[in-house]
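Taking it in order: structure first as structure tokens, then the write-up.
Protein chains: 2
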Amino acid sequence: MKNELLLKALKGESVERPPVWMMRQAGRYLPDFMKLKEKYDFFTRCQTPELATEITLMPIDQMGVDAAIIFSDILVVLQAMNIEVEMRDGIGPYLPHPITNQSALNQVLLPDVDDRLGYVFEAVRMTKKELHDRVPLIGFAGAPWTLLCYAVQGQGSKNFDRAKAFCFQEPEMAKELLQKITTTTIAYLRAKIKAGADVIQLFDSWGGLLSPTDYQEFSWPYLQQIIDALSGTVPVIVFGKGCWFALQEMGKSGASALGIDWTCSARNARYLSGGQITLQGNFDPSRLLSPIPEIKTQVKQMINAFGKDRYIVNLGHGILPNIPVDHAKAFVDAVKEYGS
Amino acid sequence: MKNELLLKALKGESVERPPVWMMRQAGRYLPDFMKLKEKYDFFTRCQTPELATEITLMPIDQMGVDAAIIFSDILVVLQAMNIEVEMRDGIGPYLPHPITNQSALNQVLLPDVDDRLGYVFEAVRMTKKELHDRVPLIGFAGAPWTLLCYAVQGQGSKNFDRAKAFCFQEPEMAKELLQKITTTTIAYLRAKIKAGADVIQLFDSWGGLLSPTDYQEFSWPYLQQIIDALSGTVPVIVFGKGCWFALQEMGKSGASALGIDWTCSARNARYLSGGQITLQGNFDPSRLLSPIPEIKTQVKQMINAFGKDRYIVNLGHGILPNIPVDHAKAFVDAVKEYGS
Chain A
1 MKNELLLKAL KGESVERPPV WMMRQAGRYL PDFMKLKEKY DFFTRCQTPE
51 LATEITLMPI DQMGVDAAII FSDILVVLQA MNIEVEMRDG IGPYLPHPIT
101 NQSALNQVLL PDVDDRLGYV FEAVRMTKKE LHDRVPLIGF AGAPWTLLCY
151 AVQGQGSKNF DRAKAFCFQE PEMAKELLQK ITTTTIAYLR AKIKAGADVI
201 QLFDSWGGLL SPTDYQEFSW PYLQQIIDAL SGTVPVIVFG KGCWFALQEM
251 GKSGASALGI DWTCSARNAR YLSGGQITLQ GNFDPSRLLS PIPEIKTQVK
301 QMINAFGKDR YIVNLGHGIL PNIPVDHAKA FVDAVKEYGS
Chain B
1 MKNELLLKAL KGESVERPPV WMMRQAGRYL PDFMKLKEKY DFFTRCQTPE
51 LATEITLMPI DQMGVDAAII FSDILVVLQA MNIEVEMRDG IGPYLPHPIT
101 NQSALNQVLL PDVDDRLGYV FEAVRMTKKE LHDRVPLIGF AGAPWTLLCY
151 AVQGQGSKNF DRAKAFCFQE PEMAKELLQK ITTTTIAYLR AKIKAGADVI
201 QLFDSWGGLL SPTDYQEFSW PYLQQIIDAL SGTVPVIVFG KGCWFALQEM
251 GKSGASALGI DWTCSARNAR YLSGGQITLQ GNFDPSRLLS PIPEIKTQVK
301 QMINAFGKDR YIVNLGHGIL PNIPVDHAKA FVDAVKEYGS
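So the protein lines, in turn, are chains A and B. For the first sequence, the numbering used here gives the first residue as 1, with consecutive numbering after it. For the second sequence, the numbering used here gives the first residue as 1, with consecutive numbering after it.
Below is the structure:
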């Protein structure tokens, strides 16, 4: 690997400057992405390895980030499990047949991942080839809890109240669904690693909607299963948005790094996670709308606060569609200028 | 006052059991409220003292809570400041002319609150009369930051990115707007107290969207100003949703109590707030969808975790519209049965 910053940071090795990448870095703020978006719908982009590869490489070539993350979506795992997922304009993900009872649950399959998700692994292989080992490639999956949110609610939501009601009223059914998602996710990620992914990131985007007690019941055990199953393969990064309350547990999980959102200061994050594990984050995505000189100042302050070692610079959530490209570039450049 | 539980808890005095009320307790889960909602639109309900009084009293009579909170909306303050606010079906609050530049900001007035918000004070006086001192009456206002979110974004939002961008790009304008809102809110709350409010609660519903640093810049100083201005009048409760990171500052602010959401455990809340101040919360509103026996068990566990003193039982955010009335009642009853 020509650029080993990310892998070094994940091993806890000292680096000259921390690595930097951005969640959703291959996305809607990039004009070239928008051109492809006009021509191909969402799942065509995900399911066509040539397109996924082209999109994945855009921020490497245009932003100069230190890692690639395969272009895909967390919901492809639900599709593979026989749950229909559409992407509707103005709504986002839409699942016409949400899983809200036992008979719907019985229709949820444990798929042959090579058969149903082969297009992702092909995209990984193709991207690895095109990358020529310039930077590591991150593969990812949604946390089982976050996928359950969509599977039960049927679409995005402010509080995913129907998904939570399902868990609270039918905990056994909820756990059967969570376990099916977990088992599929493990097979999916193993195949992704086999195809060439150098690092795995798990996204628990909706973990922060649960109380600490409910998180320990409906989210964390399934994430821990995945971490355990991938042990000895590649480094795993766990990002739970709003999950500051679970950082202690996460710090002892065997994960190589933890993602932090911008409501948790560097100091709190180091303290809560036990002080040893590599942390990743946590620039407020909206802060990329600040003037460029202020972005640069704040990035420097952020690195000083986290420390340059055991640290991966990132945003605290995905980059927003309305971020000017030169602001995103300034964020990346500020990291590269660090210490010089 | 016949029921002094809330006032005692706010003073830190020992009580037999903690008081209980629910945020949005006079709301859409109540069938009688829904009947009024069919007949009168949102602002008619707010602006007609007889209706506001009738709605405010519903949960006192039907749920048996230990406090009333005047039926109104945080956005009436913006209306009084010459900012148009509509309530649109399926959208919620909608502000056709958001404040996004200096000329719009110049149109924002510091109103004579008696002139523009007299209907609220009349509702407070009428409610106090109808209550016959059965329970204390809580008056409330939105935090200046939360009101700015609506004033600038123009409607509800997942991340209020336009409001945040305004603050980050035009901090001086943002602070001018925040100060205008603060000044108006102080006059508004003083008049509300004069009209008879026994307690004030400040709602910072969107404080948790800010980083700790930005919270200290764009939210907290204005809340502190309000707390200082009300010092020596009635007890003030500050509720910042998602603001666990600011509990230390809040604990030293002179507020009488702090609202806690369900992502912050009792133990963390006591630790972060300094261990002395009265806390209020933090049952996950979705958890009221659990079976009734489980609601009762969890309420008991929650009181045990917070302790019966210096504690006010509440939800961690507003009650959801789809909560069955008997589940809400079970929540209140469980508190009353505590220790017996």
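Glycine included, each C-beta is placed from N, C-alpha and C at the ideal position. Note that the structure is a prediction, hence the values are computed from the model and not measured.
Query: Taking 7 Å as the cut-off, decide whether the C-beta atoms of Asp66 (chain B) and Val135 (chain B) are in contact.; Result: yes
Query: Quick one: is His97 (chain B) buried, meaning 16 or more other Cβ sit within 10 Å of its Cβ, or exposed?; Result: exposed
Query: Please report whether the beta-carbon of Pro212 (chain B) lies at a distance below 7 Å from any beta-carbon of chain A.; Result: yes
Query: Just to confirm my understanding: we take Leu5 (chain A), look at its own chain, exclude 5 residues before and 5 after, and list those with CB closer than 6 Å. What are they?; Result: Val15, Pro19 and Asp66
Query: Closest to Ser256 (chain A) by C-alpha separation, out of A:Leu272, A:Val236 and A:Arg267, would be which residue?; Result: A:Val236
Query: Could you check if Asp198 (chain A) is buried or exposed, using at least 16 other CB atoms within 10 Å of its CB as the buried criterion?; Result: buried
Query: Below 8 Å on C-beta distance, what does Ile220 (chain B) contact in chain A?; Result: It is worth fixing the name first, because residue 220 (chain B) is Trp in this sequence and not Ile. Neighbours of Trp220 (chain B) on chain A: none; closest Cβ ~14 Å, over 8 Å.
Query: For the segment 229 to 278 of chain B, which segments carrying the alpha helix (DSSP H) assignment without a break, of at least 4 residues, lie completely within its bounds, in sequence order?; Result: 247 to 251 and 266 to 272
Query: Just verifying my parser: in three-state terms, what is the DSSP assignment at Ala68 (chain B)?; Result: strand
Query: Using 8 Å for Cβ pairs, my map puts Ile186 (chain B) next to Thr233 (chain B). What's the rounded Cβ distance?; Result: Contact doesn't hold; Cβ gap of about 11 Å is too wide.
Query: Using a cut-off of 7 Å between C-beta atoms, extract the partners of Ser273 (chain A) located in chain C.; Result: The structure shown contains no chain C; its protein chains are A and B.
Query: Can you give me the start and stop residues for the beta strand (DSSP E) that Leu30 (chain B) sits inside?; Result: No beta strand (DSSP E) contains Leu30 (chain B), which DSSP labels as neither H nor E.
Query: What are the residues of the segment 99 to 119 of chain B that lie near chain A, defined by any Cβ-Cβ distance shorter than 7 Å?; Result: none
Query: Determine the contact status of Ile138 (chain A) and Ile69 (chain A), defining contact as a CB-CB distance below 7 Å.; Result: yes
Query: Leaving out five residues on either side along the sequence, give the residues of the same chain with a beta carbon under 6 Å from the beta carbon of Leu320 (chain A).; Result: Pro285
Query: Please list, in chain order, the chain A residues whose beta carbon lies closer than 9 Å to that of Asn342 (chain B).; Result: Nothing in the structure corresponds to residue 342 (chain B), since chain B is present only between 1 and 340.
Query: Rounded to the nearest angstrom, what separates Lys158 (chain B) and Asp89 (chain B) at their Cα positions?; Result: 18 Å
Query: Can you list, in chain order, the residues of the segment 252 to 271 of chain A whose Cβ is nearer than 8 Å to any Cβ on chain B?; Result: Trp262, Thr263, Cys264, Ser265 and Asn268
Query: Taking the straight line between their C-alpha atoms, what separation do you get for Gly27 (chain B) and Arg267 (chain A)?; Result: 40 Å
Query: Please state the DSSP three-state secondary structure of Leu75 (chain A).; Result: coil
Query: To the nearest angstrom, how far is it from the Cα of Leu131 (chain A) to the Cα of Lys39 (chain A)?; Result: 24 Å
Query: Report yes if the CB atom of Ala334 (chain A) is closer than 7 Å to the CB atom of Ile292 (chain A), and no otherwise.; Result: no
Query: How many angstroms separate the CA atom of Leu315 (chain A) from the CA atom of Thr48 (chain B)?; Result: 47 Å
Query: Between Gly242 (chain A) and Val85 (chain B), what straight-line distance do the alpha-carbon atoms span, to the nearest angstrom?; Result: 31 Å
Query: Quick check on Gln348 (chain B): buried or exposed, where buried means 16 or more other Cβ atoms within 10 Å of its Cβ?; Result: Any property of residue 348 (chain B) remains undetermined from this structure, which presents chain B solely from 1 to 340.
Query: Listing by chain order, which chain A residues have their CB less than 8 Å from the CB of Leu387 (chain B)?; Result: Residue 387 (chain B) falls outside the range modelled here, since chain B spans only 1 to 340, and no answer is possible.
Query: Using DSSP bridges, identify the partner residues of Leu315 (chain B).; Result: B:Phe283
Query: Taking the C-alpha atoms as reference points, what is the distance between Ile91 (chain A) and Leu51 (chain A)?; Result: 23 Å
Query: Could you tell me whether any Cβ in chain B is nearer than 7 Å to the Cβ of Ser365 (chain A)?; Result: There is simply no residue 365 (chain A) to check, as chain A begins at 1 and stops at 340 in what is shown.
Query: Ala165 (chain A) versus chain B: which residues are under 7 Å apart at the beta carbon?; Result: Ser286 and Leu289
Query: In the DSSP assignment, the alpha helix (DSSP H) including Leu177 (chain B) goes from what residue to what residue?; Result: Pro171 to Ala195
Query: For the segment 166 to 177 of chain A, list every residue whose C-beta sits within 7 Å of some C-beta in chain B, in sequence order.; Result: Phe168 and Gln169
Query: Closer than 6 Å by C-beta to Phe71 (chain A): which residues in its own chain qualify, once you throw out the five before and the five after it? Chain order, please.; Result: Ala26, Ala52, Ile55 and Thr56
Query: What residues of chain B sit near Gly281 (chain A), judged by a beta carbon separation below 7 Å?; Result: Per Cβ cutoff of 7 Å: no residues; Gly281 (chain A) is ~11 Å from chain B at best.
Query: Could you pull the DSSP bridge partners for Phe203 (chain A) from this structure?; Result: A:Gly142 and A:Phe239
Query: Is the CB of Phe239 (chain A) under 7 Å away from at least one CB in chain B?; Result: no
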